[in-house]
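Which chain is which? The protein sequence lines are A and B, in order. Residue numbers for the first sequence follow UniProt numbering, beginning at 1 and rising by one. Residue numbers for the second sequence follow UniProt numbering, beginning at 1 and rising by one.
There are 2 protein chains.
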Amino acid sequence: MTTPATGRAVHLVSRPQGEPVPEHFRIVDEPVAEPADGELLVRNRYISVDPYMRGRMNDVESYVPPFALNRPMEGAALGEVAASRADGVAEGNLVLHNRGWREYATIPAAEARVLDPDLVPSVTAYLGIAGMTGLTAWVGLFDVARMAPGETVFVSGAAGAVGSAVGQMAKLRGAGRVIGSAGSRAKVEYVRDDLGFDAAFDYHDGPVAERLAELAPEGVDVYFDNVGGEHLEAALHNMRKHGRMALCGMISQYNATEPAPGPRDMFQTIARRVMMQGFLVGDHMKRMPAFLEDVGTWLADGSIRADETFADGIENAADAFLAMMRGENTGKMIVRL
Amino acid sequence: MTTPATGRAVHLVSRPQGEPVPEHFRIVDEPVAEPADGELLVRNRYISVDPYMRGRMNDVESYVPPFALNRPMEGAALGEVAASRADGVAEGNLVLHNRGWREYATIPAAEARVLDPDLVPSVTAYLGIAGMTGLTAWVGLFDVARMAPGETVFVSGAAGAVGSAVGQMAKLRGAGRVIGSAGSRAKVEYVRDDLGFDAAFDYHDGPVAERLAELAPEGVDVYFDNVGGEHLEAALHNMRKHGRMALCGMISQYNATEPAPGPRDMFQTIARRVMMQGFLVGDHMKRMPAFLEDVGTWLADGSIRADETFADGIENAADAFLAMMRGENTGKMIVRL
């Protein structure tokens with residue numbers, strides 16, 4: 001393929017204080033570089049939008065650097081190789097890389113992973129259940145929180161990409177009871193009836209701690225936190241002795257303009273001997289092979305389900321991100337180009 | 001010895017809301033029971049008063065049941081056997097048991113542990129550095145927080161019984177830098193100059209987070225929490241990546257009448273991959289032999305120091321407890337009968 005002169009990309013043009021809005025983003029025609037030696041030209045087909053990206057919109061050095069203003073943002077993307085000047089990568093190969101938010105990316109081959117489209121039901125699984133999303137769920141549940149068979153598991157954001165995987169993986173590994181929270185009645189039904197959680201509730205229906213106590217009267221052994229805030233406090237106050245929490249995300253706080261309050265009565269961590277562990281999937285890449293063995297089995301025999309919500313076109317990528325932050329997706333939110 | 005008709009004991013006569021005062025306690029003459037078969041009559045010599053007892057004064061079932069009203073309170077005590085009707089325990093033996101807050105205790109021999117007074121510099125070490133206090137410090141630092149040589153350790157309540165042991169044990173096992181907080185200039189000097197901490201500060205001297213950042217500019221790997229509240233938040237915001245917190249006590253919150261606020265911006269647990277683990281020493285009794293080997297060596301060669309603050313007479317036991325809660329002790333607070 002001839003390298004196109006330009007491709008569209010999404011820039012962050014100003015930093016949100018609080019909730020991001022469309023005006024923080026702009027579609028820009030960017031020149032597309034010819035691939036040099038060892039590089040690939042990739043035509044992106046699918047772009048991932050994820051909650052953690054909100055943190056990169058702030059001008060704060062956290063575990064990843066902030067997005068630069070007036071430059072294309074970054075994130076996971078799946079594309080096909082349009083031109084290759086690297087050994088071992090051929091035109092037409094499907095690759096996973098981190099230059100999302102744009103139509104074309106010219107990247108060092110070392111930053112791309114060539115994927116086998118035949119190993120998964122749909123290639124987009126590599127952005128979700130068979131990729132970082134699935135690994136996040138698996139590592140958090142089994143390595144960080146050390147879930148054991150028979151235990152009661154609570155997961156917040158249960159209809160989201162990570163949460164829906166967590167609940168299903170917990171059941172597949174023998175959890176005694178799996179409870180999820182989500183943000184609408186439709187999601188609650190989806191989580192319970194389609195994903196097979198034992199129980200679920202809409203966190204708008206009264207205090208989370210009370211709803212959780214009703215659905216887990218014996219308490220919770222493992223809490224997988226995607227939400228933070230009231231959910232984290234409610235989990236703490238419903239933990240069983242020696243309970244473990246995998247702290248994966250706190251989406252309720254990402255738009256906070258003041259430091260968000262922490263869970264009240266932290267002494268419960270001592271009285272109940274609770275372990276809380278924050279984690280980032282990037283620290284656990286060495287677990288990918290063991291994870292892929294599990295998830296490969298589950299995908300092959302149809303025992304795990306990974307729904308996706310699609311938006312179409314780079315011009316809708318920012319809106320897809322904003323919709324995901326508002327919880328309008330079910331499962332993994334993906335922009336299809 | 002003839003069993004005396006009565007002995008004095010300290011009753012809890014009403015439950016404190018907020019800070020306890022002398023009127024919550026009363027000295028009462030209690031009948032002393034003759035020891036039955038398998039029992040001992042113990043004349044208490046030393047009584048331990050500890051922060052965790054504040055929790056037992058509330059009418060809340062936590063990890064230990066509440067103290068009954070108008071009954072002698074309980075807690076660790078050292079006494080000599082005044083009469084024995086149990087095999088293997090002789091009159092004059094030194095025993096450790098849990099019926100403190102009273103002059104005489106008639107107890108099943110199975111509830112008493114016979115101690116060797118020659119193994120420690122002073123028998124009161126069995127209430128402190130060579131007992132539950134020392135085990136608490138050792139287990140929290142090495143098992144729960146998994147301190148490694150070269151790491152930076154922060155301990156709150158550093159002049160207290162547990163805190164002073166934590167800092168010294170950290171240094172003895174090769175911590176790179178040990179920082180303590182305490183509640184007065186005299187305690188700060190004691191912790192730094194007498195106990196050998198690398199640095200210490202008075203938590204009244206401005207925001208804890210700022211003082212800690214000055215003294216640990218590279219951040220903290222291990223936080224041992226005895227205080228909770230502002231200290232816990234300050235530690236979180238000064239943790240290094242992959243830092244660990246052993247949550248042992250939260251004395252700043254024991255008199256709270258509302259649920260105490262938690263550390264703000266809990267997302268830092270994720271960004272920094274922080275582990276927080278609440279623990280109770282009672283879950284770790286199997287570690288006692290390994291602990292005693294360490295502390296025995298340190299006591300024998302004089303490399304660890306365990307100061308004690310004494311109050312005299314059962315009539316001063318409640319005041320000793322109240323003084324300890326206000327931080328008037330240095331090291332272990334003990335009532336000598």
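Where is the CB? At the ideal position from N, CA and C, for every residue including glycine.
query                                                                                                                                 : result
Start and end residues, alpha helix (DSSP H) containing residue 324 (chain A)                                                         : 317-325
Range covered by the beta strand (DSSP E) that runs through residue 6 (chain B)                                                       : 6-12
Which residues DSSP lists as bridging residue 46 (chain A), in chain order                                                            : A:78, A:336
8 Å Cβ cut-off: residues of chain B touching residue 272 (chain A)                                                                    : 63, 278
Segments assigned beta strand (DSSP E), at least 3 residues, entirely inside the stretch 256-302 of chain B                           : 275-278
Inter-residue Cα distance where the pair is residue 19 (chain A) and residue 304 (chain B)                                            : 54 Å
7 Å Cβ cut-off: residues of chain A touching residue 269 (chain B)                                                                    : 247, 276, 278
Buried versus exposed call for residue 231 (chain B) [16 or more other C-beta atoms within 10 Å across all chains shown]              : buried
Bridge partner(s) assigned by DSSP for residue 142 (chain B)                                                                          : For residue 142 (chain B), which the question treats as bridged, DSSP gives no partner whatsoever.
When B:11, B:282, B:156, B:22 are compared against residue 319 (chain B), the one with the closest alpha-carbon                       : B:22
Anticipated Cβ contact below 8 Å, residue 260 (chain B) with residue 253 (chain B), distance rounded                                  : 4 Å
Contacts that residue 253 (chain A) makes with chain B (C-beta to C-beta distance below 9 Å)                                          : 265, 266, 267
Opening and closing residue of the alpha helix (DSSP H) in which residue 164 (chain A) lies                                           : 161-172
8 Å Cβ cutoff, residue 260 (chain A) in contact with chain B                                                                          : yes
Under 8 Å by beta carbon: chain B residues contacting residue 232 (chain A)                                                           : 266
Contact the stretch 144-154 of chain A vs the stretch 119-131 of chain A: 3+ CB pairs below 8 Å                                       : no
Contacting residues, own chain, Cβ-Cβ under 6 Å from residue 187 (chain B) (five flanking each side not counted)                      : 159
DSSP bridge partner residues for residue 26 (chain A) (one or two, in chain order)                                                    : A:11
Under 8 Å by beta carbon: chain B residues contacting residue 250 (chain A)                                                           : 266, 267, 270
Chain A contact residues for residue 228 (chain B), given Cβ-Cβ distances below 8 Å                                                   : 266, 267
For residue 214 (chain A), the three-state DSSP class (helix, strand or coil)                                                         : helix
Given 8 Å, three or more beta-carbon pairs between the stretch 291-307 of chain A and the stretch 125-137 of chain A                  : yes
Per-residue burial, residue 286 (chain A) [other beta carbons within 10 Å of its own, 16 or more giving buried]                       : exposed
Burial state of residue 157 (chain B) (16 or more Cβ within 10 Å)                                                                     : buried
Those residues which DSSP pairs with residue 331 (chain A) across a bridge                                                            : A:160
Cβ pair count under 8 Å reaching 3, the stretch 50-67 of chain A against the stretch 84-91 of chain A                                 : no
Residues of its chain near residue 64 (chain A), where Cβ-Cβ distance is below 7 Å and the 5 sequence neighbours each way are ignored : 56
Neighbour-count burial assignment, residue 72 (chain B), 16 or more Cβ in a 10 Å radius                                               : buried
Supposed close pair residue 184 (chain B), residue 200 (chain B) - CB separation, criterion 8 Å                                       : Contact doesn't hold; Cβ gap of about 11 Å is too wide.
Close Cβ partners of residue 103 (chain A) (< 8 Å) along its chain, the five nearest in sequence each way excluded                    : 7, 8, 9, 43, 44, 314, 337
Nearest-angstrom Cβ-Cβ length linking residue 306 (chain B) and residue 331 (chain B), presumed shorter than 8 Å                      : 6 Å
Backbone secondary structure at residue 225 (chain A) - three-state DSSP                                                              : strand
Short Cβ contact (8 Å threshold) for residue 225 (chain A) with residue 250 (chain A)                                                 : yes
7 Å CB neighbourhood of residue 280 (chain A) in its chain, flanking five on each side removed                                        : 63
Chain A within 8 Å of residue 118 (chain B), Cβ atoms only                                                                            : no
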